[in-house]
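Chemist: Last residue of the sequence shown: number 321 in our numbering, and the count goes up by one each step with no gaps.
For glycine and all other residues, C-beta sits at the position ideal for the given N, C-alpha and C.
Just so it is clear, the structure is predicted and the values come from calculations on it, not from any experiment.
Questions regarding the structure given below will be posed in turn.
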Amino acid sequence: MVILVTGTAGFIGFHLTKKLLKQGYQVIGVDSINDYYDTNLKQARLNQLQKHAKFHFFKYDIADQEAVRSLFKRFSDIEIIIHLAAQAGVRFSLENPYAYIHVNIDGHLNILEQARCLSHLKHLIFASSSSVYGLNQTLPFKEEDAVNMPSSVYAASKRSAELLSFTYSHIYGLRQTGLRLFTVYGPWGRPDMAYFKFAKAIMSGKPIEIYEGDGLARDFTYIDDVIDAILCIMKNIPDAGTSQTFNIGNNRSESVRYLIQLLEEQLGKKAILHFKPRPVTDLEKTWASIDAIHAKTGWTPKTDLSEGIGAFVEWFKAYI
Ligand SMILES: NC(=O)c1ccc[n+]([C@@H]2O[C@H](COP(=O)([O-])OP(=O)(O)OC[C@H]3O[C@@H](n4cnc5c(N)ncnc54)[C@H](O)[C@@H]3O)[C@@H](O)[C@H]2O)c1
């Protein structure tokens, strides 16, 4: 079976591609290797993937219509698309909002436009985000909650992609699943994310910038659990014309202070905390209800934060 993974050199794309190759699938990987964060890290991930004979890599921008069209023509036997390529990050969307429209909306539309012409396509799975819950105050976040108050351009772009997917399922009968991912962390993770930045600051004795208030909390989801969830969903193909949506989280809201405490313990050093106001783009608290994905696929996360941070720190010390 041929599977297309976009964002294959990214954090989640790398782990997913590795797992799919291990299970014997042929993987077509696409990534633009943009410089939003250290490209050496992306290249190091890619180097591991390129050792596999069944992996074919293309350095393409998913918003490039001609490039995506030619790729889909060449691999017309693609049966599953797992579309993870994106401009990620909430804070950077204040600096460069256009990048989010380019990749997360134009790029997403481009994937949909080409996907509808693939005659063997069984399932298009794409990454959305917990950020779509925006100013929603009811916890835990449930898939049926209203999601019309995004608090950042990143969130608005991800919600727009969900809506475009719904429309393409409705018009062309595409079978799709959108994944609302909640703060994914682990080895080979993203240097722009808080847990990674905190670890770096603690190691080098620099202060950590933490938002004021005691309520700051996230549903932290370990990478291996996310990959297991995607594999469960892959086998769970929705009916024609359906674009279903699932939260993927750890089903717990844990304080950012607790995250820092775990990092201090694992790194054996105290953090220096600098407090600053929380930007209006950032949610105070996230917490995923995972009843829907559990009912549909039986998936449940297995890794608690302490164990997952332990695995991250082990990798981090060896890599940095
Ligand atoms: N990591 C998380 O906590 C988290 C949370 C919610 C949602 N998500 C979503 O999951 C997906 C994967 O996230 P990640 O953490 O692996 O991020 P990542 O930034 O590590 O991976 C995304 C990859 O997409 C690539 N990319 C960006 N623009 C591209 C373009 N125009 N064409 C082709 N490739 C392009 C990047 O080079 C990168 O390698 C993203 O859609 C992200 O928005 C992640």
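Give the list of continuous alpha helix (DSSP H) stretches no shorter than 4 residues that lie fully inside the segment 6-89.
Modeler: 12-23, 40-50, 66-75
Chemist: Where does alanine 241 sit, in a helix, a strand or coil, going by DSSP?
Modeler: Three-state DSSP puts alanine 241 in coil, outside helix and strand.
Chemist: Is the segment 139-156 in contact with the segment 240-258, if contact means three or more CB pairs nearer than 8 angstroms?
Modeler: Yes: the two stretches touch, three or more of their Cβ pairs being nearer than 8 angstroms.
Chemist: Grab the span of the alpha helix (DSSP H) containing proline 98 for me, first residue to last.
Modeler: 98-101
Chemist: Within a Cβ cutoff of 8 angstroms, which residues of the same chain sit near glutamate 265, ignoring the five residues on either side of it in sequence?
Modeler: Setting aside the 5 residues that flank it on each side, glutamate 265 is surrounded in the same chain by Ile203, Lys271, Ala272, each with a C-beta closer than 8 angstroms to its C-beta; the list follows chain order.
Chemist: Who are the near neighbours of lysine 43 in its chain, counting only those whose CB is closer than 6 angstroms to its CB and skipping five residues on each side?
Modeler: Ala10, Ile34
Chemist: Note down the Cα distance separating proline 208 from leucine 274, rounded to an integer number of angstroms.
Modeler: 6 angstroms
Chemist: Can the beta-carbon of isoleucine 29 be found less than 8 angstroms from the beta-carbon of histidine 57?
Modeler: yes
Chemist: Are at least three pairs of beta-carbons, each pair with one atom in the segment 158-167 and one in the segment 280-287, less than 8 angstroms apart?
Modeler: no
Chemist: Please classify threonine 40 as buried or exposed, where buried requires at least 16 neighbouring CB atoms within 10 angstroms.
Modeler: exposed
Chemist: Of the choices Ala116, Ser120, Pro151, whose alpha-carbon is the least far from that of serine 130?
Modeler: Pro151
Chemist: If you measure between the beta carbons of leucine 263 and lysine 20, is that distance less than 8 angstroms?
Modeler: no
Chemist: Tell me whether asparagine 48 counts as near ligand 1, meaning its Cβ is closer than 7 angstroms to at least one heavy atom of that ligand.
Modeler: Not so, every heavy atom of ligand 1 lies at least 7 angstroms from the Cβ.
Chemist: Determine, using beta carbons only, whether phenylalanine 127 and glutamine 177 come nearer to each other than 8 angstroms.
Modeler: yes
Chemist: Hey, quick one: how far does the alpha helix (DSSP H) through leucine 274 stretch, first residue to last?
Modeler: Not the alpha helix (DSSP H): leucine 274 falls in the beta strand (DSSP E), residues 273-277.
Chemist: Which one of Thr304, Gly269, Ile211, Asp292 has the shortest CA to CA distance from arginine 258?
Modeler: Ile211
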